[in-house]
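Start counting the sequence shown at 6; every next residue gets the next number (our numbering).
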Amino acid sequence: MTRIVASDVAAREVLYVFQPANPLPVIDLSKSLRGELLPANVYEISRRFLCKYHQPLLVANVTAFVLISFVAVVNAQTGQILSLISIFLWIPLGFGAFSTLRYDVVRLLMGTFDFWFFSFVTTITAVLVSAYFRDLRFLRMIIDWVGFHHIVCIDAHVRGVRQFALMTIVGIPPVLFMLVWIMLGHVDGCTSFSILEYENEHHSFHLSGVDIIGNGLLTLALFITKIAVRKRRALRISQRSSLIQCVIYRCALQLVQVQRTPLAASTKTQLARIVRRRAVGTNTARKVMLRETNVIQKMKFVKPSQIFDASHTVFPLRQSENPVSAWYLLPLYVLGASGFLLSYSVFLGRVNGTASLVEAWCALLWTLAFVALFTALYHRQLLKLLVTSFDFIFYAFQVTAANLCVCILSRWELSRCITVLTWEIWFLWSLTLDALTPVIRDKLRFRVRFAALVVALLLLAHLVIMNRIFFVGDETLQDAVIFERVVWGHTVVVRVVPFYFSRVATLSLWCPRLIWRLTVASNTELTIIRGAVCYNNYIPKEKRQHSRADRIEPVPLTDTHGPAFSALSPMH
């Protein structure tokens, strides 16, 4: 009887694991940027030069890094001299190290949103800081521009990975230091300049270059910190392995239903894999052959150890095998759509007084009733993974900050604040749909593409508000001071409109990506949570400390489709 009950429970279990939503790419690690982009004779000359003078070039590069950290602090003339010295010391190894990146991995990175967003922010910030300096100190920004792109291409490093990860962490304080010095107006010979000015009969608005520079440098520091933290975490996991885990290039995930494997069989399979790895490691000739064939390889999926039981929801419910009746779901979806559209009419319409307050409360209560059901059915583990991911935190911060700015601009008018709270709930709902397992989505007859329209309309609402501020002259939206304090003899003022403009500009770049993911995702795919991938470093461990990366001719493979491995399993 016990066996019958156990098998019946197992039959009712719905278990999921992460799997890549698309096939992982094949890369050729023998190709470097230098080898692919330079003529053969120039490539050979540069390779020999970097190999022969590696140590003095490394000292010169570190010296240049130290010198540029003081460019913004010293007087203008000294800063120009330091910039000139730094650029000459930095160029050989600065461009040389960048040229050794793996060509195929760089191509993959250039297909990611993170690369182009980071590149766009870096370029805009470098141009504006150069215009702010207005002299030879702009040479410092050339070093920063190349260096920041080097950081975002960290996945393409096969030599000195740990040292470069450490240098990435060390590079964060100089960026923050320059940000503080510029915001305090302490840079010698530099004054702010206007990017956008607008004045009407009610208000005047001003957006300065320092506002954009501050937002850009802060964003860069945040993203560099994200890269450094992810890389350090990846290095800790694979510290005894030849695997390089990517931190920028990540794969789309889907939830695949599986059956529970008996513990004994799982343990036996795991031990067999360990034995096979150890057997391979005892044969020197075999190790050499594996290293050669690893030049061309398929990326591997870093498979997490979690198994997600669909019944582990926020509010435990007794689940039925049949979908919920459409007669129950139709009122729910009508209620949710009505709440969302009503919130639009309150803020963007011309209704005032008691009527607008009643509509705002109705929109909020209907929205809460709709979202509460989804929240109750969220999977606990998936929700925890989701809310601790960088993308979720970044989206949530930008949206929350933008909504708070709207409340301040509206002088905390109650009906508009309630409406903005409704928008906040809808956006967070759109971000947390990954926590719905496929079986729950099917029972609710829900498709994640429905949320794409919600995100698009919320972004449009903020763009309409920006239009009202700068071009319509809405007297109900007034600029205000968020922060004002005298720091080191300089008055630091943070106003709402520039801060709100920066948030909306950032959302205008990030929301289209989310809208696209929601639109094309199937019912088993995730939109926020991404999967980690890795590849084998073909360079022997004892040779990875050198910056030199010789070109190795690719070796034909018979099978490039390696299995996924667990991040917690032994890696040799």
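No residue lacks a Cβ here, since even glycine has one placed at the ideal position from N, Cα and C.
DSSP places P28 outside both helix and strand once states are collapsed to three, so it counts as coil. When rounded, the separation of the alpha-carbon atoms in T529 and L436 is 16 Å. In this structure, M304 sits near V538, with a CB-CB distance shorter than 8 Å.
Residues I520, L523, T524 of the same chain have their beta carbon placed closer than 7 Å to that of A457, with the five preceding and five following residues left out of the count.
Taking each of F210, V469, V163 in turn and checking the Cα distance to L248, the smallest one comes out for V163.
For Y108, no beta strand (DSSP E) encloses it; the enclosing alpha helix (DSSP H) starts and ends at 108 to 114. Rounded to whole angstroms, R167 and R241 show a C-alpha spacing of 10 Å. N66 is classed as buried because its beta carbon has at least 16 other beta carbons within 10 Å across all chains shown.
Between the region 362 to 372 and the region 444 to 454, the count of Cβ pairs shorter than 8 Å is below three; the stretches do not touch. In the three-state DSSP reduction, E202 falls in the strand class (E or B). Here DSSP, grouped into helix, strand and coil, assigns R490 to strand. Only exposed fits V363, as fewer than 16 other CB atoms lie within 10 angstroms of its CB.
Inter-residue distance for V175 and T224 is about 17 Å (C-alpha atoms, whole angstroms). Check the Cα spacing between F352 and each of A466, I487, F399: the tightest is with A466. DSSP, read as helix, strand or coil, puts C158 in coil. In the three-state reduction of the DSSP assignment, H495 falls in the strand class.
Between R39 and V78, the alpha-carbon positions lie close to 36 Å from each other. Sorting F397, Y137, P178, N80 by C-alpha distance to the C-alpha of S197 places Y137 at the top. Measuring C-alpha to C-alpha distances from P443 to each of S527, Y338, V499, L334 identifies S527 as the nearest.
Burial state of M115 is exposed, judged by a 10 Å Cβ sphere holding fewer than 16 other Cβ atoms. Proximity to V126 across I32, G219, L464 peaks at G219, based on C-alpha coordinates. Straight-line spacing of the CA atoms in T359 and Y338 works out to 27 Å.
The C-beta distance from V509 to D484 rounds to 15 Å, too long to meet the 8 Å contact threshold. Per the C-alpha coordinates, the member of Q60, I534, T83, L87 positioned closest to L72 is L87. Under the DSSP assignment, G99 falls outside any beta strand (DSSP E), being part of the alpha helix (DSSP H) whose first and last residues are 81 to 104. Rounded to the nearest angstrom, the gap between the Cα atoms of L144 and K236 is 29 Å. Shown here for I177: same chain residues with a beta carbon closer than 8 Å to its own, the five before and five after excluded, namely A226, I229, T230, A233 in chain order.
Counting only the Cα atoms, L34 lies some 33 Å from T130. A residue is called buried when at least 16 other Cβ atoms come within 10 angstroms of its Cβ; F153 meets this threshold and is buried. Under the Cβ criterion (8 Å, minimum of three pairs), the region 378 to 392 does not count as touching the region 412 to 421.
DSSP places L223 in the uninterrupted alpha helix (DSSP H) bounded by 214 to 242. DSSP, reduced to helix, strand and coil, places R508 within a helical segment of the structure shown. Pairing L133 with G190 gives a Cβ-Cβ distance that is not under 8 Å.
Restricting attention to alpha helix (DSSP H) runs no shorter than 4 residues, the region 126 to 191 encloses them at 144 to 157, 166 to 175, 177 to 188, ordered along the chain. Just so you know, the alpha carbons of T68 and F100 end up roughly 16 Å apart.
Non-local C-beta neighbours of S330 in its own chain, meaning closer than 7 Å and more than five positions away in sequence, are absent.
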